[in-house]
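Remarks on the structure that follows.
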Amino acid sequence: MATILVNKFCFHNLRFHFPVTLTCVHLLFQALFCVVSMDVLQWLPRKRLDRSAYLQRVVPIAAAFAANIAAGNVSLRHVPVSFNQTIKSLTPLTTAMVQYECTRRRLTVAASLSLVPVVGGVALGSATELSWHTWGFFSGVISCFFTGAKFVLSHELLRGQYMLTPLQLVSLVAPAATVMLLPLAVYSEGRAAYTWFVRAGSDPQFLPTLDPTTPATAAMRAAAWIHLASPAGVRLVVLMPLFSGLVALLLNITSFAVLQRTSSVTVTIAGNLKTCLLIGWSILLFQNPVTPLNLFGCVLAVLGCLWHGLLPRKWHIEEAKGG
């Protein structure tokens, strides 16, 4: 929940409208944290895989990892947190679909029926959405599929033959995902993001009317370096993105730790339990417009997740016959 709210604060309050760049900040922070914790402080031994295992196991996770965060941030850039989280309620369903394609293990009839209110709630939540954005909606749905792929593929490394710890998995995935996303960030957002840093650093009062597409002058660049050294500049331009990266790191470690002890679908369902609280905080913090039907749809989706979670474990998964 904190990750979503911090990212939305960057997009909404700081006018940092660069979701791919923010994703790279998250991944770079996680990669650097792993280097410090494993290689410098030696809190945990680094796990190394051979080339074949790395290409077959880690690279697909990194691709899904990067695409999931990027698509999610693009969606968050265009739609309110409340609507974004309503879309994300589809994740258990998309994860079940990905799980079946990858492992031939499918949900039982009882578990599948419990997902009906999840899908219905999402439909109601978006039917009269007052802040509808087509690209934001479809980016959110795409993010759901990549989330499912990330968890299904990661589950194989956290258990079974490799038995990685959550931090070891992050140390393998984050650098590869950074390499994949950094060229896209530089190409699509590099110039505008650089201008944002310069203008925000030179004059924090300029943020309310910040237009990052306007070229920065030489005077702005000079003033930016001076302001960045001040407490206000460090807090605004440096600490906020780093704090966002720290929150993202804690989210990934926590979710991988839960995944190691449960299953892919269970993790995504557990993640949906935060939806109602997050929507409430989003409405309070960002004053997003919402209707009673939107709220009813959100509640229905979360109740569907609770229904699924209360089913006996043996009713969750069955092996596909003839697969």
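Under full-length UniProt numbering, the first residue of the sequence shown carries the number 1, and numbering increases by one thereafter. The beta carbon of each residue, even a glycine, is placed where N, CA and C say it ideally should be.
### Message
Among the candidates P45, F18, V6, whose CA atom is the shortest distance from the CA of Y194?
### Response
Residue F18 is the option with its Cα nearest to Y194.
### Query
Who are the Cβ neighbours of A64 in its own chain at under 7 Å, not counting the five residues just before and after it?
F146, A149, K150, L153, listed in sequence order.
### Query
Using the rule of at least 16 other Cβ atoms within 10 Å of the residue's Cβ for burial, across every protein chain shown, is L306 buried or exposed?
Flag for L306 reads exposed.
### Query
Are the beta-carbon atoms of V58 and V247 separated by less than 8 Å?
Not in contact: V58 and V247 (Cβ atoms no closer than 8 Å).
### Task
Could you name each continuous beta strand (DSSP E) segment of 3 residues or more that falls completely within the segment 88-135, going from the start of the chain to the end?
Taking only runs of at least 3 residues, the beta strand (DSSP E) segments lying wholly in the segment 88-135 are 105-107.
### Whole-Å CB distance - V170 paired with I69, under 8 Å assumed
Going by Cβ atoms, the distance from V170 to I69 rounds to 13 Å, so no, they are not a contact pair.
### Task
Find the nearest neighbour of V265 within the set S114, I61, D39, S52, judged by alpha-carbon distance.
Of the candidates S114, I61, D39, S52, the one whose C-alpha sits nearest the C-alpha of V265 is S114.
### S112, buried or exposed, once every other Cβ within 10 Å from all chains shown has been counted against 16
Here S112 is exposed. Its C-beta has fewer than 16 other C-beta atoms within 10 Å.
### Query
Buried or exposed: where does Q161 fall if 16 or more other Cβ atoms within 10 Å of its Cβ makes it buried?
The residue in question, Q161, is exposed, as its Cβ has fewer than 16 Cβ neighbours within 10 Å.
### Task
With a 10 Å radius around its C-beta and 16 neighbouring C-beta atoms as the bar for buried, classify L310 as buried or exposed.
With fewer than 16 other Cβ atoms within 10 Å, it is exposed.
### Query
Are the beta-carbon atoms belonging to L250 and C34 less than 8 Å from one another?
Taking the C-beta atoms as reference points, C34 is found no nearer than 8 Å to L250.
### Message
Short of 7 Å in beta carbon distance, which residues of its chain neighbour L124, apart from the five on each side in sequence? Order them along the chain.
### Response
Closer than 7 Å at Cβ, skipping near neighbours: L293, F296, G297, L300.
### Task
Note down the Cα distance separating L55 from V20, rounded to an integer number of angstroms.
C-alpha separation (whole angstroms): 24 Å.
### Task
Would you check if the segment 254-263 and the segment 79-90 touch, i.e. whether three or more CB-CB distances between them fall below 8 Å?
The segment 79-90 makes no contact with the segment 254-263, as fewer than three CB pairs between them are under 8 Å.
### Simplified DSSP state of L181, which is helix, strand or coil
Per DSSP, reduced to three states, the secondary structure at L181 is helical.
### Message
Alpha carbons only, please: which of V141, L157, L242, S244 is nearest the one belonging to A67?
### Response
Considering only V141, L157, L242, S244, the residue with the shortest C-alpha distance to A67 is V141.
### Query
Helix, strand or coil: how does DSSP classify F38 here?
Reading off the sequence shown, one finds Met at residue 38, where the question assumed Phe. Correct three-state label for M38: helix.
### Message
Which runs of the alpha helix (DSSP H) at least 4 residues long sit entirely within the segment 37-78? Give them in chain order.
### Response
Restricted to the segment 37-78, the alpha helix (DSSP H) segments that are unbroken, complete and at least 4 residues in length are 59-78, listed in chain order.
### Task
Using the Cα positions of F83 and R105, report the straight-line distance between them to the nearest angstrom.
Roughly 31 Å separates the two Cα atoms.
### Task
Within its chain, find whatever has a CB closer than 7 Å to the CB of M180; leave out the 5 residues flanking it on each side and keep chain order.
Excluding sequence neighbours, M180 sits near A62, A63, A66.
### Message
When you compare the CB positions of residue 377 and L259, do they come within less than 8 Å of one another, or not?
### Response
Because the chain spans 1 through 323 in this model, residue 377 falls outside it and cannot be assessed.
### Query
Which of the three DSSP states, helix, strand or coil, is assigned to Y194?
In the structure shown, Y194 sits in a helix (DSSP, three-state: H, G or I).
### R15 in three-state terms, based on DSSP
Here DSSP, grouped into helix, strand and coil, assigns R15 to coil.
### Task
Output the distance between the C-alpha atoms of residue 324 and V119, rounded to the nearest integer angstrom.
For residue 324 there is no data in the structure shown, the boundaries of the chain being 1 and 323.
### Query
Helix, strand or coil: which one does DSSP assign to S255?
In this structure, S255 counts as helix in the three-state DSSP scheme.
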